[in-house]
Ligand SMILES: [Zn+2]
């Protein structure tokens, strides 16, 4: 990569704020704001990722919060 290309990459990195994140647990990307998945579940009914993947990433977080607050 030349210097000019490197500058462009750095500029892009400053301007674009990714609104999605990767979940290694479900091997999928989701929107941070809404918890919606970028990719639909695959058609493999035995898929170890999609089988346990919640409909919404935030549902899982809510569950975890409830667990922590349960005392
Ligand atoms: Zn799958």
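In our numbering, the protein residues as written are 55 to 125. In this text, a Cβ means the ideal position worked out from N, Cα and C, and glycines have one as well. Quick caveat, the model's predicted, so the values are computed rather than measured.
Restricting to Cα atoms, I'd like to know which of 57, 107, 56, 58 is closest to residue 89. 107
Going by DSSP, name the residue or residues bridged to residue 74. 85
Determine the direct distance from the alpha carbon of residue 78 to that of residue 97, and round the result to whole angstroms. 19 Å
If you count every other CB in all the chains shown that lies within 10 Å of the CB of residue 80, and 16 or more means buried, which is it? buried
Using the rule of at least 16 other Cβ atoms within 10 Å of the residue's Cβ for burial, across every protein chain shown, is residue 84 buried or exposed? buried
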